[in-house]
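> Under full-length UniProt numbering, think of the first position of the sequence shown as 1, with each following residue one higher.
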Amino acid sequence: MEIIRHVSTTQKAIAFTFDDGPNPVYTPQLLDIFDEVSGRATFFMMGKQIELYPETVLDVHVRKHEIGNHTYSHPFMTRISLEECERELLDTDRIITQVTGTRPVVMRPPYMDYNLEVHSITAKFAYPVIGALNGDARDWEMPGVEHILEVNRKQIGCGSILLFHDGFGDRSQTIEAVRILTKELAEEGYQLVTVSELLQMAES
Ligand SMILES: [Zn+2]
Numbered sequence: 001m002e003i004i005r006h007v008s009t010t011q012k013a014i015a016f017t018f019d020d021g022p023n024p025v026y027t028p029q030l031l032d033i034f035d036e037v038s039g040r041a042t043f044f045m046m047g048k049q050i051e052l053y054p055e056t057v058l059d060v061h062v063r064k065h066e067i068g069n070h071t072y073s074h075p076f077m078t079r080i081s082l083e084e085c086e087r088e089l090l091d092t093d094r095i096i097t098q099v100t101g102t103r104p105v106v107m108r109p110p111y112m113d114y115n116l117e118v119h120s121i122t123a124k125f126a127y128p129v130i131g132a133l134n135g136d137a138r139d140w141e142m143p144g145v146e147h148i149l150e151v152n153r154k155q156i157g158c159g160s161i162l163l164f165h166d167g168f169g170d171r172s173q174t175i176e177a178v179r180i181l182t183k184e185l186a187e188e189g190y191q192l193v194t195v196s197e198l199l200q201m202a203e204s
């Protein structure tokens, strides 16, 4: 049972991830930002949100970004029954597949709330469970663009996985910070890749 927060690699590659979307206002802005640096990102989406904004989901998929499973309704997975856990993942897996024609192959538990019992369910889907190095950036609390940048810059390195949010509330600070970070990283020669691409780069 392992939550993957970074990948061991000597390649200059980083995975940006965005949780709790899709969001019709912020998700498209991120797609434009990643186009500017020819990068890709991973969006851990909630089934409930996908049902509301399927066009945004399709846009993410068509523009070659990855979509991961972030459950249907964002529960604490260790506090619900295993049947409910499985239902949360299965419903979202199906909804993503219906909208995009492609099954998700990675997941992130809401609140990073995870244990051995939940693992027995995610294992049924063969999902690697994806965490992140930069939880203390707390972009969802709107701590200021400078704070978000400062915390994230400390976690930059080969194989880093970084977490941001494009869902719930005002995400303007996240957008601004990601715009600046992606530009800096592109100038430093980093490739911005999806989580699945980063996992492929693992070296033992
Ligand atoms: Zn979340």
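Every residue gets a Cβ at the ideal spot worked out from N, C-alpha and C, and that includes glycine.
Which residue marks the beginning of the beta strand (DSSP E) containing F34, and which one marks its end?
It is not in any beta strand (DSSP E) - F34 instead sits in the alpha helix (DSSP H) that spans Y26 to E36.
> Going by DSSP, what residue range makes up the alpha helix (DSSP H) through D91?
L82 to T100 is the extent of the alpha helix (DSSP H) around D91.
> Could you tell me the alpha carbon to alpha carbon distance between L89 and N115, rounded to whole angstroms?
The straight-line gap from Cα to Cα measures roughly 15 Å.
> Which residues neighbour ligand 1 when neighbourhood means a C-beta less than 6 Å away from any of its non-hydrogen atoms? List them by chain order.
The filter returns D19, D20, H70, H74 and P110, in chain order.
> Would Q49 and G68 be called neighbours here (beta carbons separated by less than 9 Å)?
Not in contact: Q49 and G68 (Cβ atoms no closer than 9 Å).
> Decide if D19 is buried, meaning its Cβ has at least 16 other Cβ atoms within 10 Å, or exposed.
Its Cβ being crowded by 16 or more others within 10 Å, D19 is buried.
> Please report how far the alpha carbon of G47 lies from the alpha carbon of V57, in whole angstroms.
About 11 Å.
> Can you tell me whether Q49 is helix, strand or coil according to DSSP?
Correct three-state label for Q49: helix.
> Give the C-beta separation of R103 and D93 to the nearest angstrom, bearing in mind that I take them to be a contact with Cβ-Cβ under 8 Å.
Between D93 and R103 the Cβ distance is about 6 Å, and since that is below 8 Å, they are a contact.
> Given that a residue counts as buried once 16 or more other Cβ atoms are within 10 Å of its Cβ, and exposed if not, what is residue 277?
Past the boundaries of the shown model lies residue 277; the chain is included only from 1 to 204, so the question cannot be answered.
> Mind reading off the beta-carbon distance from V106 to V7? Whole number of angstroms is fine, and I expect it under 8 Å.
Their Cβ separation, rounded to whole angstroms, is 12 Å, which puts V106 and V7 out of contact at 8 Å.
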